[in-house]
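Trainee: Residue numbers (UniProt numbering), protein chains in the order written: chain A, 1 to 249; chain B, 1 to 249. A virtual CB, placed ideally from N, CA and C, is assigned to each residue, including glycine. Remember, predicted model here, so these are calculated numbers, not experimental data. Below are the structure tokens for one structure; questions will follow.
2 protein chains.
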Amino acid sequence: MMKIDDTTALTLPRYKWLANIIGTTISQGLLADNQALPSERELAERYEVSRDTVRKAVRYMEERGIIYSGHGRGTFVAPAIVRGTTRFIDSFSQDASNRGSVPGQRVLNVEPVAASMAIAGLLNVRPGDPLIRVHRIRLMDNVPVGLHDAYFVLPPGAKLTLSQIERAGSLYKLLTEKFGFTPAEAVENLSAGAAEQEDARLLGIQKADPLLICERVTLSDRREPIEYCLMKYLSSYRYKTRIAKRSGD
Amino acid sequence: MMKIDDTTALTLPRYKWLANIIGTTISQGLLADNQALPSERELAERYEVSRDTVRKAVRYMEERGIIYSGHGRGTFVAPAIVRGTTRFIDSFSQDASNRGSVPGQRVLNVEPVAASMAIAGLLNVRPGDPLIRVHRIRLMDNVPVGLHDAYFVLPPGAKLTLSQIERAGSLYKLLTEKFGFTPAEAVENLSAGAAEQEDARLLGIQKADPLLICERVTLSDRREPIEYCLMKYLSSYRYKTRIAKRSGD
DNA sequence: TAGTGGTCTAGACCACTCG
DNA sequence: GAGTGGTCTAGACCACTAG
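In structure tokens:
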């Protein structure tokens, strides 16, 4: 046991290392949809890990919609329609890439604001407490597709300028590096709505045109709410997601 | 070891049994949001299971958004805002219950139809192949909130009548029992749209009013597509979901 | 430094599927 | 009946967190 692994990541856990190998094989198209993988016992032998480690890798990939398994039948490559539909917190940039488009943004405004009652309640602060608001137009291939109006709880004295955000590709990455912003989980609430005058102007549509409205509260690794974001998307925008299992298991 | 467990489920795996115990404690409000649970080692001792079994229970509940854990810190009760936001395939009835409303339906039509090109592609059948269409108005507390237009791939000769569906509470349950319909996973695509004349009439709104549009493909345990469903919801309807982690892990 | 969760192992037996 | 994934154990060591 414990042969040094030739290729990648000496600091990566073995199960993720295995998952990467298998995942790469699949994404390269070397395995057909619904094709069976080698059995867990065989993979364990082939890669010189315990069967439990193989199972961890399998679970890891199952959660991501890459493979699936059936009791007594085997483990299989998930069909293309479900692959890549797992949602993550940095979904906008991900979505764009998955579609082969270039994500972008135009920052309208960055300002300190006092928390409203509605937002204070969601972010566990008092009404009037200081927040930072970032108002942006989201672009795909340089075309506006939506509006993001985000409110952040940041450490006192935190300063954020328009040019900083524009320089950084990802707002989340910037906040993570500059402050201890570590999003771990989010709750979203989707609905349909009609464009207000202002929305219509910014997005280049008519007033009362339908919009996909998504409200999100983002939580830190300690489950403190750290962001509220109101997003409005054109009707051409598609929000893809995957649902696993039934509630009764 | 192996003390017979006093209460529930002698056929249930031990980790689900443990998860149920802990989950019940939480849902009864006996533990505060973000309160720490006993350590894994302590739970293992207390419930006379191995630590690995405790960890399985913890993972099981983490996936469902009931608890979360931090390396070196402990395991904690997820705050109320995230609990119960995990989406499952039978989401409509679940959603309604979670809100304290009574889910309902009015079946408009049940009929065999020939697959269109668009739907055939999604369901892996040939255009013209037989499908069964179920067109329904969805109700919450007897008030219309949306339209479901579902197309099923069922075994040849499968017959479905309007009265059967109306008698059965859940369409999925009926299909599962009568035919081998076993949904395991689904892919959804959400967007905003404007109500057509017919939508408006059925839902009691104006033409061009905004609607939340959700397309869904449901897959069996073998990942064969077995249902396509086009759903349209009033703007008052809320689609709740939870997103775990970031894409880079 | 003590305590926590995270990773890993080697082996056992059960439950299910399919030829 | 042979082969698959699912559950469970007992023990080891590592990585991280916090007082």
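Whole angstroms is fine: what's the gap from Pro103/B's alpha carbon to Leu190/B's?
Mentor: Taking the second sequence and counting its residues from 1, the one referred to as residue 103/B is at position 103. Taking the second sequence and counting its residues from 1, the one referred to as residue 190/B is at position 190. Whole-angstrom Cα-Cα distance: 21 Å.
Trainee: Identify the contact partners of Ser235/B in chain A, using a Cβ-Cβ distance below 9 Å as the criterion.
Mentor: As a working note, residue 235/B is residue 235 in the second sequence. Within 9 Å Cβ-Cβ: Ser191, Ala192, Gly193, Ala194, Pro210, Ile213.
Trainee: Counting only beta-carbon atoms, is Asp90/B nearer than 8 Å to chain A?
Mentor: Within the second sequence, the letter at position 90 stands for residue 90/B. Contact with chain A is found for Asp90/B, since one of that chain's Cβ atoms lies less than 8 Å from the residue's Cβ.
Trainee: Hey, which unbroken runs of the beta strand (DSSP E) at 3 residues or more fall wholly within the segment 162-187 of chain B?
Mentor: none
Trainee: Specify, as a first and last residue, the run of the beta strand (DSSP E) that Val77/B falls within.
Mentor: By one-based count along the second sequence, residue 77/B stands at place 77. Val77/B -> beta strand (DSSP E) spans 74-77.
Trainee: Compute the Euclidean distance between the alpha carbons of Gln94/A and Gly193/A, then round it to the nearest angstrom.
Mentor: Taking the first sequence and counting its residues from 1, one reaches residue 94/A at position 94. Taking the first sequence and counting its residues from 1, one reaches residue 193/A at position 193. Cα to Cα, the separation comes out at about 24 Å.
Trainee: Using CA atoms only, rank isn't needed, just tell me which of Ala44/B, Leu230/B, Tyr68/B is closest to Glu224/A.
Mentor: If you number the first sequence from 1, residue 224/A lands on position 224. The shortest Cα separation from Glu224/A among Ala44/B, Leu230/B, Tyr68/B belongs to Tyr68/B.
Trainee: To which residues of the same chain is Leu37/B closer than 8 Å at the C-beta, ignoring the five residues directly before and after it?
Mentor: Here the question's residue 37/B lines up with position 37 in the second sequence. For Leu37/B, where only same-chain residues beyond five positions count, the Cβ hits under 8 Å are Ile22, Leu31, Leu43, Ile67, Gly74, Thr75, Phe76, Val77.
Trainee: Applying a beta-carbon distance threshold of less than 7 Å, which residues of chain B neighbour Arg246/A?
Mentor: Here residue 246/A refers to the residue found at position 246 of the first sequence. Within chain B, the residues near Arg246/A are Phe88, Ile89, Asp90, Pro183.
Trainee: Can you check whether the C-beta of Tyr68/B is within less than 8 Å of a C-beta belonging to chain A?
Mentor: As a first step, residue 68/B is located in the second sequence; it is residue number 68 there, counting from the start. Taking Cβ atoms only, chain A reaches closer than 8 Å to Tyr68/B, which makes this a yes.
Trainee: Does the beta carbon of Lys240/A come closer than 8 Å to any beta carbon on chain B?
Mentor: The sequence position of residue 240/A within the first sequence is 240, counting from 1. Yes, its Cβ sits closer than 8 Å to a Cβ of chain B.
Trainee: For the segment 97-155 of chain A, list the alpha helix (DSSP H) runs that are entirely contained and at least 4 residues long, ordered along the chain.
Mentor: 117-123
Trainee: Taking the straight line between their C-alpha atoms, what separation do you get for Phe179/A and Glu227/A?
Mentor: In the first sequence, counting from the first residue as 1, residue 179/A sits at position 179. In the first sequence, counting from the first residue as 1, residue 227/A sits at position 227. If I take the Cα positions, the gap works out to 13 Å.
Trainee: Shortest alpha-carbon distance to Ile165/A belongs to which of Tyr239/A, Asp149/A, Val134/A, Tyr233/A?
Mentor: By one-based count along the first sequence, residue 165/A stands at place 165. Out of Tyr239/A, Asp149/A, Val134/A, Tyr233/A, Val134/A has the C-alpha closest to the C-alpha of Ile165/A.
Trainee: Give the residues of chain A in contact with Glu188/B, contact being defined as C-beta atoms less than 9 Å apart.
Mentor: As a first step, residue 188/B must be located in the second sequence, where it is residue number 188. Neighbours of Glu188/B on chain A, chain order: Thr85, Tyr239, Lys240, Thr241, Arg242, Ile243.
Trainee: DSSP three-state label for Leu18/B, please.
Mentor: Stepping through the second sequence from its first residue, residue 18/B is reached at position 18. Helix, per DSSP.
Trainee: How about Pro79/A: is its C-beta nearer than 8 Å to some C-beta of chain B?
Mentor: Along the first sequence, read from residue 1 onward, the residue named residue 79/A stands at position 79. Output row for Pro79/A: interface = yes.
Trainee: What is the C-beta distance between Arg64/A and Arg51/A, in whole angstroms, given that I count them as a contact (C-beta under 8 Å)?
Mentor: The residue given as residue 64/A occupies position 64 in the first sequence. The residue given as residue 51/A occupies position 51 in the first sequence. Not quite, the Cβ-Cβ distance comes to about 21 Å (not below 8 Å), so this is no contact.
Trainee: Of the residues Asp249/B, Glu177/B, Ile243/B, Ile213/B, which one's Cα is nearest the Cα of Ser235/B?
Mentor: Mapped onto the second sequence, residue 235/B falls at position 235. When only C-alpha atoms are compared, the closest one is Ile213/B.
Trainee: In three-state DSSP terms, what is Thr241/B?
Mentor: Along the second sequence, one-based indexing puts residue 241/B at 241. Reduced to three states, the DSSP call for Thr241/B is strand.
Trainee: Could you round the C-beta distance between Val153/B and Arg242/A to whole angstroms and report it? I think they count as a contact, below 8 Å.
Mentor: As a first step, residue 153/B is located in the second sequence; it is residue number 153 there, counting from the start. As a first step, residue 242/A is located in the first sequence; it is residue number 242 there, counting from the start. Incorrect: roughly 20 Å between the Cβ atoms, too far for contact.
Trainee: What is the residue span of the alpha helix (DSSP H) that Tyr60/B lies within?
Mentor: Counting from 1 along the second sequence, the entry for residue 60/B is found at position 60. That run of the alpha helix (DSSP H) goes 51-63.
Trainee: CA-CA distance, Ala120/A and Val217/A?
Mentor: Position 120 of the first sequence, counted from the first residue, corresponds to residue 120/A. Position 217 of the first sequence, counted from the first residue, corresponds to residue 217/A. Approximately 12 Å, taken between the alpha carbons.
Trainee: Among the candidates Phe181/B, Val82/B, Thr25/B, whose CA atom is the shortest distance from the CA of Glu62/B?
Mentor: In the second sequence, residue 62/B corresponds to position 62, counting from 1. Looking at the Cα atoms, Val82/B is the closest of the given residues.
Trainee: Can you list, in chain order, the residues of its chain with a C-beta nearer than 8 Å to that of Val110/B? Leave out the 5 residues immediately preceding and following it.
Mentor: Translated into positions along the second sequence, residue 110/B becomes position 110. Closer than 8 Å at the Cβ level, and outside the excluded window around Val110/B, lie Ile132, Arg133, Val134, His135, Leu160, Thr161, Leu162, Ile165.
Trainee: Report, in whole angstroms, the separation of the C-beta atoms of Arg106/A and Leu139/A, which I expect to be a contact under 8 Å.
Mentor: Residue numbering aside, residue 106/A sits at position 106 when the first sequence is read from its first letter. Residue numbering aside, residue 139/A sits at position 139 when the first sequence is read from its first letter. At roughly 7 Å, the Cβ-Cβ gap stays under 8 Å, so Arg106/A and Leu139/A are in contact.
Trainee: Between which two residues does the beta strand (DSSP E) harbouring Leu219/B extend?
Mentor: Numbered from its first residue, the second sequence carries residue 219/B at position 219. Taken as a continuous stretch (DSSP letters only), the beta strand (DSSP E) holding Leu219/B covers 210-220.
Trainee: Quick one: what does DSSP say Leu203/A is sitting in, helix, strand or coil?
Mentor: Position 203 of the first sequence, counting from 1, holds the residue named residue 203/A. Note: Leu203/A maps to helix in three-state DSSP.
Trainee: Please classify Ser27/A as buried or exposed, where buried requires at least 16 other C-beta atoms within 10 Å of its C-beta.
Mentor: Within the first sequence, numbered from 1, the residue matching residue 27/A stands at position 27. Ser27/A should be labelled exposed.
Trainee: Taking only beta carbons into account, state which residues of the segment 128-149 of chain B come closer than 9 Å to chain A, listed in chain order.
Mentor: none
Trainee: Contact criterion: CB-CB distance below 8 Å. Does Asp95/A meet it with respect to chain B?
Mentor: By 1-based counting over the first sequence, the position of residue 95/A is 95. It does not; no Cβ of chain B falls within 8 Å.
Trainee: Please classify Gly157/B: does DSSP put it in a helix, a strand, or coil?
Mentor: Reading the second sequence from its first residue, position 157 is the one you call residue 157/B. In this structure, Gly157/B counts as coil in the three-state DSSP scheme.
Trainee: How long is the line joining the alpha carbons of Arg14/B and Ala118/B, rounded to whole angstroms?
Mentor: The residue labelled residue 14/B in the question sits at position 14 within the second sequence. The residue labelled residue 118/B in the question sits at position 118 within the second sequence. Distance from the CA atom of Arg14/B to the CA atom of Ala118/B, rounded to whole angstroms, is 45 Å.
Trainee: Could you give the residue range of the beta strand (DSSP E) that holds Leu230/A?
Mentor: Mapped onto the first sequence, residue 230/A falls at position 230. Unbroken beta strand (DSSP E) run through Leu230/A: 225-233.
Trainee: What three-state label does DSSP hand Asp5/A in the structure shown?
Mentor: Position 5 of the first sequence, counted from the first residue, corresponds to residue 5/A. Bear in mind that the predicted position of Asp5/A carries a pLDDT of just 37, short of 50, making it too unreliable to give a figure here.
Trainee: Output the boundary residues of the beta strand (DSSP E) element that contains Ser39/B.
Mentor: As a working note, residue 39/B is residue 39 in the second sequence. Counting along the chain, Ser39/B falls outside any beta strand (DSSP E), and DSSP gives it neither H nor E.
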